[in-house]
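*Asks:* Protein chains in written order, with this note's numbering: chain A, 1 to 220; chain B, 1001 to 1220.
There are 2 protein chains.
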Amino acid sequence: METLKETEKTKLGRARNLAVFDREMLYQVFDEALLINIGFAMDGQPFVLPTLGWRVGNKLYTHGNMKGRMMEYLINGAPCCVTATLIDGMVLGRSAFNHSTNYRSAMVFGSMKLVDDPAEKEEVLRLFVEHIAPGRAEQARPPSVGELKATAVLSIEIEEASVKVRKGPPNTKECDRNRDVWAGEMVMRQVVGPMVADELVPEGMVVPDYSAAWGERWES
Amino acid sequence: METLKETEKTKLGRARNLAVFDREMLYQVFDEALLINIGFAMDGQPFVLPTLGWRVGNKLYTHGNMKGRMMEYLINGAPCCVTATLIDGMVLGRSAFNHSTNYRSAMVFGSMKLVDDPAEKEEVLRLFVEHIAPGRAEQARPPSVGELKATAVLSIEIEEASVKVRKGPPNTKECDRNRDVWAGEMVMRQVVGPMVADELVPEGMVVPDYSAAWGERWES
C-alpha cells in the first residue's frame, strides 16, 4: 500500500518523531474512532465540529442535515482539517514530567465534496449503518427518497494526511530509575456496553449483538 | 451557578434543540473527556490539534512543548475553538434514517493565554496529574525547574461556550412503530483497563489503582 507523503501541513506540529506514514494505520484510526472532528474557519473564526465519520476505500464520509449552516459552508469547498484520535492509555512515569499518553491520531487536510450521485449516497449510508451495527442495514427500514434528500453526505479524499502514534512504557530519566514508584501504562479504551431496548420493543424479542464490530464488550 | 449565554458563535450549528446552557454539564464533559480538540487557522489553513485538557475552576488548561510551532501560534492569541466530545451510545432506530448518537459535546471559543506565573503553573500541572491518577502527584517526582521551563501551560477562560447533549431512545416514525426490528441504545463508554508495569518495576511492587477517577473498570 502506498505510504503517505509528508507535506508542509502534515509535517507541522509537536512530536515529529511519532509521525508514521502508514496508510493502513491511518485507516485503522478512522475505522475505530468513528468520532471525527472537522476544523474549519468561517470569516476567520475557527470551528471544530464533532460528528461521526466513516471510511470507504480511500475516502472519508460524513453526513448531516442538508439545511445545516456548517454543512453548507463545508459543501462550498472550505479548506478543512479532519482528525480522529484514540486514547490507548495513560503513561505513568516516575516523574510528573515523564507522564504521557499512548494514542493514535489521524489528520486529513483538504475540502469536502457533496456526494450527489444517488447510488453512491445510498450505498455509503448503508455501509455506515453496517459499520456501526453489522447486519443492521438488512433489519432496519432503508431510507425513503425524502429521507435521502434531507441527508447531506460529504466526502473527503484521504490524500494529504498524517498519522501519529505513541505506544509503550514511559521514558525514565537516569536519576529516576531507582525511584520507589510504580510506573507503566494504565490501559484505556472505548467499549460497548448493555443494549437498552426502547419502550416499543415487545417482550421476548431477541436482542441483537453488534459488539463484534467493537472489540471487547463491557458489562456494568 | 451562572448559565452559559448564547452568542452568534455558540448558536451556530446543527441540532439547536439539543443545546443546553448548563455550565455544570459543560464542566462535566471536559472533566470526563480529558481529550480536547483545539481548532485554529494558520494563514487561512484550519488545523485541529488533539491534546489533553483539564479544567480548574472556570478555566480550561492544556500543556505542551514550549518549542512547538502550534503552541507558539496559540500563545500569540490566535482565535480558537476548543471542543470535547463523549460518545455515550449508538442509537439504533427502526429505520436507517432514525439512527443517531447519544453524546455530550462541549465547545469553548476564545484564545489561549500562556500561564507565566510559576506558582499557578506548578499547581495546575499538579492538579493535571491528580486528575489522571488521584494520589500520584505525591508518588512521582515533582517537576524540576528545567522541566517546568520546557513545559508550556496554556489556559482559556470558559466564557463563550456551549454544550450539546443527546440522550434517550431513538425517534420512531408512525409508519415504523410496528416494524419487527429491535430498537434502542447500544451503550458505549471509555473505560480504564489493566495496569501494565514497565520493566524497571521490581517484582512484588504494589500496583496502584487509579480507576476510581474513571468510573467502571474494564478487564480484558
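For every residue, glycine included, the Cβ atom is placed at its ideal position computed from N, Cα and C.
If you're wondering where the values come from, they're calculated on a predicted model, not measured in any experiment.
What is the rounded straight-line gap between the Cα of residue 226/A and the Cα of residue 1139/B?
*Replies:* What the structure shows of chain A is the stretch from 1 to 220, and residue 226/A is not part of that stretch, so it cannot be assessed.
*Asks:* Under 8 Å, with one C-beta from each stretch per pair, do the region 44–60 of chain A and the region 125–136 of chain A reach the 3-pair mark?
*Replies:* A contact exists between the region 44–60 of chain A and the region 125–136 of chain A.
*Asks:* Given that residue 1210/B touches chain A, what residues does it touch there, using C-beta distances under 7 Å?
*Replies:* Residue mapping note: residue 1210/B aligns to position 210 of the second sequence, counting from 1. Those are 186, listed as they occur along chain A.
*Asks:* Taking the alpha carbon of residue 1154/B as the point to measure from, which residue in 1059/B, 1042/B and 1004/B has its own alpha carbon closest?
*Replies:* Counting from one through the second sequence, the residue named residue 1154/B turns up at place 154. For residue 1154/B, the nearest C-alpha among the options comes from 1059/B.
*Asks:* Cα separation between residue 1133/B and residue 145/A?
*Replies:* Position 133 of the second sequence holds residue 1133/B. Position 145 of the first sequence holds residue 145/A. Residue 1133/B and residue 145/A have their C-alpha atoms spaced approximately 51 Å apart.
*Asks:* Which residues of the region 17–43 of chain A have a Cβ closer than 9 Å to any Cβ of chain B? Give them in chain order.
*Replies:* 34, 35, 37, 38, 39, 40, 41 and 42
*Asks:* Quick one: list the residues of chain B neighbouring residue 162/A, beta-carbon separation under 8 Å, in chain order.
*Replies:* Numbered from its first residue, the first sequence carries residue 162/A at position 162. Here the premise fails: no neighbours, minimum Cβ distance about 11 Å.
*Asks:* Determine the DSSP secondary structure at residue 219/A, reduced to helix, strand or coil.
*Replies:* One-based indexing of the first sequence puts residue 219/A at position 219. Unreliable positioning characterises residue 219/A in this predicted model, as indicated by a pLDDT of 47, which lies under 50. The coordinate reading is nonetheless provided below. Correct three-state label for residue 219/A: coil.
*Asks:* Under a Cβ-count criterion, where at least 16 other Cβ atoms within 10 Å of its own Cβ denotes burial, should residue 204/A be classed as buried or exposed?
*Replies:* Position 204 of the first sequence, counted from the start, is the residue given in the question as residue 204/A. When all chains shown are included, residue 204/A counts as exposed.
*Asks:* If you reduce the DSSP assignment to three classes, tell me which class residue 69/A lands in.
*Replies:* Along the first sequence, one-based indexing puts residue 69/A at 69. Helix at residue 69/A.
*Asks:* Quick one: using the 10 Å Cβ neighbour count with 16 as the cut-off for buried, is residue 41/A buried or exposed?
*Replies:* Working through the first sequence from its first residue, we reach residue 41/A at position 41. Buried is the call here.
*Asks:* Less than 9 Å between the C-beta atoms of residue 151/A and residue 1021/B, yes or no?
*Replies:* The residue you call residue 151/A lines up with position 151 of the first sequence. The residue you call residue 1021/B lines up with position 21 of the second sequence. No, the pair does not count as a contact, with Cβ atoms beyond the cut-off.
*Asks:* Please tell me whether residue 96/A has its Cβ less than 9 Å away from any Cβ of chain B.
*Replies:* Here residue 96/A corresponds to residue number 96 of the first sequence, with the count starting at 1. It does; some Cβ of chain B falls within 9 Å.
*Asks:* Tell whether a beta-carbon distance below 9 Å holds between residue 1092/B and residue 136/A.
*Replies:* Translated into positions along the second sequence, residue 1092/B becomes position 92. Translated into positions along the first sequence, residue 136/A becomes position 136. Result yes, Cβ atoms of residue 1092/B and residue 136/A sit closer than 9 Å.
*Asks:* When the Cα of residue 267/A is compared with those of 108/A, 213/A and 31/A, which residue comes out closest?
*Replies:* No answer is possible for residue 267/A: it lies beyond the span of chain A, which begins at 1 and ends at 220.
*Asks:* Suppose you measure from the CA of residue 1050/B to the CA of residue 183/A; what does that come to, to the nearest Å?
*Replies:* Position 50 of the second sequence, counted from the start, is the residue given in the question as residue 1050/B. Position 183 of the first sequence, counted from the start, is the residue given in the question as residue 183/A. Between residue 1050/B and residue 183/A, the C-alpha separation is close to 25 Å.
*Asks:* Which residue from 198/A, 189/A, 195/A and 171/A puts its Cα closest to that of residue 1215/B?
*Replies:* Here residue 1215/B is taken as the residue at index 215 of the second sequence, counted from 1. Nearest option by C-alpha distance: 189/A.
*Asks:* When the cut-off is 9 Å and only beta carbons count, does residue 1125/B lie next to chain A?
*Replies:* If you number the second sequence from 1, residue 1125/B lands on position 125. Yes, residue 1125/B counts as interfacial toward chain A.
*Asks:* My understanding is that residue 244/A touches residue 1035/B, with C-beta atoms under 8 Å, so please give their C-beta distance in whole angstroms.
*Replies:* Because chain A here runs from 1 to 220, residue 244/A falls outside it and cannot be looked at.
*Asks:* Give the secondary structure of residue 1182/B by DSSP, where H, G and I count as helix, E and B as strand, and everything else as coil.
*Replies:* The count along the second sequence starts at 1 and reaches residue 1182/B at position 182. Looking at residue 1182/B - three-state DSSP - the assignment turns out to be coil, as it is neither helix nor strand.
*Asks:* Excluding the 5 residues flanking residue 78/A on each side, which residues of the same chain have their C-beta closer than 7 Å to its C-beta?
*Replies:* Within the first sequence, residue 78/A is the residue found at index 78, counting from 1. Counting only residues of its own chain and dropping the five nearest sequence neighbours on each side, residue 78/A has a CB closer than 7 Å to the CB of 40 and 111.
*Asks:* Considering only the beta carbon of each residue, do residue 1168/B and residue 1102/B sit closer than 9 Å?
*Replies:* The residue you call residue 1168/B lines up with position 168 of the second sequence. The residue you call residue 1102/B lines up with position 102 of the second sequence. In contact: residue 1168/B and residue 1102/B (Cβ atoms closer than 9 Å).
*Asks:* Kindly list, in the order they appear in chain B, the residues whose Cβ is closer than 8 Å to that of residue 52/A.
*Replies:* For the purposes of this step, residue 52/A is identified with residue 52 of the first sequence, where counting begins at 1. Within chain B, the residues near residue 52/A are 1101.
*Asks:* By the criterion of Cβ-Cβ separation under 7 Å, what are the contact partners of residue 134/A in chain B?
*Replies:* The residue you call residue 134/A lines up with position 134 of the first sequence. Residues of chain B whose Cβ lies closer than 7 Å to the Cβ of residue 134/A do not exist; the shortest such Cβ separation is about 12 Å.
*Asks:* Can you tell which of 23/A, 6/A and 32/A has the C-alpha that lies nearest to the C-alpha of residue 191/A?
*Replies:* The count along the first sequence starts at 1 and reaches residue 191/A at position 191. Of the candidates 23/A, 6/A and 32/A, the one whose C-alpha sits nearest the C-alpha of residue 191/A is 32/A.
*Asks:* Can you pull the chain A residues whose beta carbon is under 9 Å from the beta carbon of residue 1118/B, in chain order?
*Replies:* Your numbering for residue 1118/B matches position 118 in the second sequence. Under the 9 Å cutoff, chain A gives no residues; its nearest Cβ is about 15 Å from residue 1118/B.
*Asks:* Find the residues of chain A that neighbour residue 1009/B, judging by a C-beta separation of less than 7 Å, and give them in chain order.
*Replies:* Numbered from its first residue, the second sequence carries residue 1009/B at position 9. Residues of chain A passing the Cβ test: 45.
*Asks:* Whose C-alpha, out of 200/A, 24/A, 194/A and 177/A, is nearest the C-alpha of residue 1174/B?
*Replies:* Translated into positions along the second sequence, residue 1174/B becomes position 174. Ranking 200/A, 24/A, 194/A and 177/A by Cα distance to residue 1174/B puts 200/A first.
*Asks:* What is the residue span of the beta strand (DSSP E) that residue 103/A lies within?
*Replies:* The sequence position of residue 103/A within the first sequence is 103, counting from 1. Here the beta strand (DSSP E) through residue 103/A covers 100–111.
*Asks:* Can you pull out the residues from the region 1074–1092 of chain B whose beta carbon lies closer than 7 Å to at least one beta carbon of chain A?
*Replies:* Against chain A - using a Cβ distance shorter than 7 Å - the residues of the region 1074–1092 of chain B are 1079, 1080, 1081, 1083, 1085, 1087, 1090 and 1092.
*Asks:* Taking 9 Å as the threshold (beta carbon to beta carbon), is residue 14/A in contact with chain B?
*Replies:* Residue 14/A sits at position 14 when you count from the first residue of the first sequence. Annotation note: pLDDT 48 at residue 14/A (below 50); position unreliable, coordinate value reported separately. It does; some Cβ of chain B falls within 9 Å.
*Asks:* Residues bridged to residue 1214/B by DSSP?
*Replies:* Sequence index remark: in the second sequence, residue 1214/B carries index 214 (1-based). The partner list for residue 1214/B (beta bridge, DSSP) is empty, contrary to what the question assumes.
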